[in-house]
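Residue numbers (my numbering): 6 to 419.
Remarks on the structure that follows.
This is the structure we're talking about:
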């Protein structure tokens with residue numbers, strides 16, 4: 006369960022804390038980075054409905070306060086992040102929401118390697134990131150809590166080879182359950198990676214990962230085993246490419262409650278509860294490709310990937326993503342970025358119950374660093390979503406203007 010900050014009164018003041026440290030021998034160093042942000046945005050289809058009659062527009066203003074800070078010594082460091090956001094819908098006030106996030110990171114270096122841990126809790130709602138291409142597309146306002154923890158270990162096997170092991174757990178809970186087909190889920194991951202630095206420009210890795218997905222309400226379990234080889238090559242100072250290819254094997258089990266009618270000679274008909282178990286197995290490729298080319302004033306980045314991830318609709322999904330990004334620097338303080346993304350998702354396993362979905366997004370972002378502390382950002386996003394359950398695609402447009410202030414870093418040592 007997430008932490009209910011709404012009952013803390015004054016403690017729920019917008020605030021974000023993040024720490025960043027460069028430890029020196031024999032000293033403790035600390036730093037604090039506050040940040041405040043205000044955004045106003047217009048969305049002409051906040052629920053991503055495909056028909057014009059069902060589309061709802063709104064003007065939303067959102068305030069964010071953030072502080073970052075860290076404490077570190079020669080062998081260990083601890084970092085924390087606290088963030089509070091208030092999103093207010095002008096026309097649909099029932100959709101207004103508060104967003105709370107707390108996260109901690111820690112690492113400790115020993116003779117056996119570097120140990121790390123990450124812990125976080127988030128309270129948010131589904132409509133906050135409607136146009137986020139990686140989020141589940143939901144047409145209803147559903148608050149949720151997300152708690153996560155991960156542990157890692159990194160060890161150098163020799164001067165060029167490293168071994169990394171990790172384990173993680175994510176719990177997602179919706180309030181209430183069942184709206185728009187959303188289900189609570191638990192997601193457990195185990196990972197192992199061996200990385201080899203062959204030259205200054207070339208490194209390669211081999212990963213073996215296991216993901217376990219479970220939904221308590223629908224009794225769905227899905228296990229995925231992945232094996233993937235990756236390589237990164239710096240072709241030139243301004244050109245870098247990386248790629249990976251692997252295979253996944255997924256097993257899905259769904260337990261469906263049912264009843265069996267038994268005719269007893271003495272007692273008459275008796276209904277006996279039973280369980281129907283549906284099982285399926287699927288395999289397929291996973292991959293990642295990235296290429297970045299830079300010139301004096303602009304750069305181009307291309308990427309493609311296929312991966313397995315959890316979904317709030319009660320199953321794991323296979324997501325195939327394509328992205329192209331053009332960045333142009335007009336001056337030292339003014340930068341423009343145009344991004345176009347395409348993402349297709351489908352269920353893992355024959356028994357999973359979500360439809361195939363294809364989402365396209367494109368639009369520019371212009372960022373102006375007015376001073377060292379003040380930043381102004383303007384963004385436009387166009388979205389198109391095709392779902393097999395609808396005959397018509399859902400279209401959406403969002404315009405956003407963001408003003409951000411970053412306080413000078415507060416730091417010291419003792």
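Backbone N, C-alpha and C fix where the C-beta goes; we use that ideal spot for every residue, glycine too.
For residue i: DSSP bridge partner residues
| i | result |
| --- | --- |
| residue 39 | 72 |
| residue 181 | None, per the DSSP bridge assignment. |
| residue 253 | 231, 289 |
| residue 245 | 239, 297 |
| residue 259 | 225, 283 |
| residue 48 | 63, 403 |
| residue 353 | According to DSSP, which records beta bridges pairwise, residue 353 is partnered with nothing at all. |
| residue 396 | Paired residue(s): none; residue 396 is not in a bridge. |
| residue 197 | 170, 213 |
| residue 77 | 82 |
| residue 344 | 330, 368 |
| residue 34 | 77, 418 |
Beta-carbon proximity list for residue i, same chain, < 7 Å, skipping 5 on both sides
| i | result |
| --- | --- |
| residue 339 | 373 |
| residue 28 | In this prediction, residue 28 scores a pLDDT of 43, lower than 50, which makes its location untrustworthy; the coordinate-derived value is nonetheless stated afterwards. Correct list, in chain order: 34, 77, 78, 79, 82. |
| residue 12 | Because the pLDDT of residue 12 is 36, which lies under 50, any placement of that residue in the model is unreliable, and the number read from its coordinates should be weighed accordingly. None. |
| residue 404 | 46, 47, 385 |
| residue 168 | 160, 162, 199 |
| residue 417 | 35 |
Contacts around residue i, its chain only, beta-carbon distance under 6 Å, and the 5 residues preceding and following it disregarded
| i | result |
| --- | --- |
| residue 411 | 40, 378 |
| residue 113 | 81, 120 |
| residue 415 | 37 |
| residue 309 | 294, 327 |
| residue 102 | 92, 130 |
| residue 468 | Because the chain spans 6 through 419 in this model, residue 468 falls outside it and cannot be assessed. |
| residue 45 | 66, 406 |
| residue 118 | 158, 159, 160 |
| residue 296 | 246, 307 |
| residue 382 | 372, 407 |
| residue 60 | 50, 54 |
| residue 409 | 42, 380 |
| residue 361 | 351, 393 |
| residue 344 | 330 |
| residue 370 | 342, 384 |
| residue 413 | none |
Boundaries of the beta strand (DSSP E) in which residue i is found, first to last residue
| i | result |
| --- | --- |
| residue 407 | 399-411 |
| residue 118 | 118-130 |
| residue 189 | Premise fails: residue 189 is in no beta strand (DSSP E) and is neither H nor E. |
| residue 115 | 102-115 |
| residue 418 | 415-418 |
| residue 370 | 362-373 |
| residue 216 | 207-220 |
| residue 154 | 148-161 |
| residue 380 | 379-392 |
| residue 88 | 81-94 |
Expected contact under 8 Å - CB spacing of residue i and residue j to nearest Å
| i | j | result |
| --- | --- | --- |
| residue 219 | residue 190 | 7 Å |
| residue 253 | residue 289 | 6 Å |
| residue 234 | residue 217 | Between residue 217 and residue 234 the Cβ distance is about 23 Å, and since that is not below 8 Å, they are no contact. |
| residue 195 | residue 208 | The Cβ separation is near 23 Å, so there is no contact. |
| residue 193 | residue 174 | 5 Å |
| residue 201 | residue 165 | 6 Å |
| residue 126 | residue 107 | 5 Å |
Residue i Cβ short of 7 Å to the ligand NAP heavy atom set
| i | result |
| --- | --- |
| residue 399 | Here there are no bound small molecules, and the ligand NAP is not part of this structure. |
CB contact check: residue i to chain C, cutoff 8 Å
| i | result |
| --- | --- |
| residue 206 | The displayed structure is made up of one protein chain only, and chain C is not part of it. |
Cut-off 8 Å between Cβ atoms - residues of its own chain near residue i, not counting five sequence neighbours on either side
| i | result |
| --- | --- |
| residue 303 | 331, 332, 333, 334 |
In chain order, which beta strand (DSSP E) runs of at least 3 residues are fully inside the segment 292-339? Entirely contained in the segment 292-339, the beta strand (DSSP E) runs reaching 3 residues are, in chain order, 303-316, 320-334.
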